[in-house]
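Under my numbering, think of the first position of the sequence shown as 36, with each following residue one higher. Here is the structure we will look at, set down as structure tokens.
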Amino acid sequence: MARTSNLAYPARYQGHGPTGYTGNDLVRYIAELAQLRIRVFRDFPYLYEGGLKYERRYLETYTRSLRSVIVLVFEGADIVGASTGLPLADETPNVIAPFVEQGYDPAEIFYFGESVLLPQYRGRGLGVRFFEEREAHARGLGGFCWTAFCAVDRPLDHPRRPPDHQPLDHFWEKRGYRREPSLKAVFSWRDLDDDAETAKSMTFWMKRLETPG
Ligand SMILES: CC(C)(COP(=O)(O)OP(=O)(O)OC[C@H]1O[C@@H](n2cnc3c(N)ncnc32)[C@H](O)[C@@H]1OP(=O)(O)O)[C@@H](O)C(=O)NCCC(=O)NCCS
Numbered sequence: 036m037a038r039t040s041n042l043a044y045p046a047r048y049q050g051h052g053p054t055g056y057t058g059n060d061l062v063r064y065i066a067e068l069a070q071l072r073i074r075v076f077r078d079f080p081y082l083y084e085g086g087l088k089y090e091r092r093y094l095e096t097y098t099r100s101l102r103s104v105i106v107l108v109f110e111g112a113d114i115v116g117a118s119t120g121l122p123l124a125d126e127t128p129n130v131i132a133p134f135v136e137q138g139y140d141p142a143e144i145f146y147f148g149e150s151v152l153l154p155q156y157r158g159r160g161l162g163v164r165f166f167e168e169r170e171a172h173a174r175g176l177g178g179f180c181w182t183a184f185c186a187v188d189r190p191l192d193h194p195r196r197p198p199d200h201q202p203l204d205h206f207w208e209k210r211g212y213r214r215e216p217s218l219k220a221v222f223s224w225r226d227l228d229d230d231a232e233t234a235k236s237m238t239f240w241m242k243r244l245e246t247p248g
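Written out as structure tokens, the structure is:
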């Protein structure tokens, strides 16, 4: 593994899984993770007006799963980046449903939550590592044929789209993922400056998980 600048190696923690880590490994990082997600997702395209209550509910899905994974990037004792994943079958019904409707078996899909990295740590290959580590985790568990994640759909003329905004589509395509317009879900959260949560359309991306041999 390549060391990146003065950052600690990304470390992998998982639920009460095969390597013996316990859910407590995740639980003790929840407050920090929530802060990081809130900070990074304020920016376009998420525009997320985060709250700790929403965050706890969201992250509980990961601490409950026996086979979840979280990849953390530390600078000293601080978490500056994080990336999560879990078997799709352990996700909430709104995430599982579109796959079932399209004829996929949820048991064969490993689902990625988010990748969040503070801006000053971007462009050093850590985003690539997030994918590599989570795919390696899914391979290690065995039984998964696909990895998948989803991204928010924002209109091109969205008033908050920064003029220099670069979508991550190329980054994801380069990792081997394909956007699947037939796979959509609705998530609700409160946008910046809004009074209440509103529904957002999300589209899934997928890739066949190559397994050696
Ligand atoms: C997604 C994210 C973690 C990527 O992290 P990163 O460490 O900067 O990515 P890397 O350094 O590994 O970049 C890998 C490649 O993607 C490209 N890339 C990274 N971010 C990009 C962007 N915003 N737009 C276009 N290309 C981008 C890099 O140039 C690099 O290209 P290369 O493979 O040709 O060299 C980071 O941009 C981030 O936290 N974004 C905000 C949160 C977000 O939108 N997360 C995704 C949805 S959950």
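For each residue, glycine too, the CB sits at the ideal point set by N, CA and C.
Does the Cβ of residue i have 16 or more other Cβ atoms within 10 Å, making it buried, or fewer, making it exposed?
{"i": "S103", "result": "buried"}
{"i": "E136", "result": "exposed"}
{"i": "V151", "result": "buried"}
{"i": "V62", "result": "exposed"}
{"i": "D204", "result": "exposed"}
{"i": "D125", "result": "buried"}
{"i": "A183", "result": "buried"}
{"i": "E208", "result": "exposed"}
{"i": "D230", "result": "exposed"}
{"i": "L191", "result": "exposed"}
What would DSSP say about residue i, mapped onto helix, strand or coil?
{"i": "Y83", "result": "strand"}
{"i": "F19", "result": "The structure shown does not extend to residue 19, since the chain is modelled only from 36 through 248, so no value can be given for it."}
{"i": "H175", "result": "The question names His, but residue 175 in the sequence shown is Gly. In this structure, G175 counts as helix in the three-state DSSP scheme."}
{"i": "T127", "result": "coil"}
{"i": "A234", "result": "strand"}
{"i": "R243", "result": "strand"}
{"i": "R159", "result": "coil"}
{"i": "F76", "result": "coil"}
{"i": "L218", "result": "strand"}
{"i": "P154", "result": "helix"}
{"i": "L68", "result": "helix"}
{"i": "A117", "result": "strand"}
{"i": "D226", "result": "strand"}
{"i": "L101", "result": "coil"}
{"i": "P122", "result": "strand"}
{"i": "R213", "result": "strand"}
{"i": "L107", "result": "strand"}
{"i": "A112", "result": "coil"}
Just to confirm my understanding: we take residue i, look at its own chain, exclude 5 residues before and 5 after, and list those with CB closer than 6 Å. What are they?
{"i": "A132", "result": "none"}
{"i": "E90", "result": "A69"}
{"i": "H172", "result": "V104"}
{"i": "R72", "result": "V151"}
Output needed for residue i: all residues of its chain with C-beta closer than 7 Å, excluding positions within five of it in sequence on either side, in chain order.
{"i": "R174", "result": "L244, T246"}
{"i": "G211", "result": "K242"}
{"i": "F179", "result": "E143, I144, F145, A173, L244"}
{"i": "E232", "result": "S223, W224, R225"}
{"i": "P80", "result": "V187, R189"}
{"i": "T127", "result": "T96"}
I'd like the list of long-range same chain contacts for residue i, defined as Cβ closer than 8 Å, with 5 residues on each side in sequence excluded.
{"i": "Y97", "result": "G50, L61, S103, I105, T119, L121, G148"}
{"i": "I65", "result": "E90, R91, L94, T98"}
If I'm right that residue i touches residue j with Cβ under 8 Å, what's the distance once you round it to whole angstroms?
{"i": "L82", "j": "L227", "result": "5 Å"}
- Segment contact flag, the segment 105 to 113 with the segment 81 to 92, C-beta cutoff 8 Å, min 3 pairs: no
Review point. Are the segment 195 to 204 and the segment 123 to 143 touching by the rule of at least three beta carbon pairs closer than 8 Å?
Key: no
Counting Cβ pairs closer than 8 Å, one from the segment 176 to 192 and one from the segment 222 to 238, do we hit at least three?
yes
* Asked: Do three or more CB pairs link the segment 73 to 80 to the segment 206 to 220 at distances below 8 Å?
  -> no
Count the C-beta pairs between the segment 146 to 166 and the segment 112 to 131 that are closer than 8 Å, then say yes if the count reaches three, no if not.
yes
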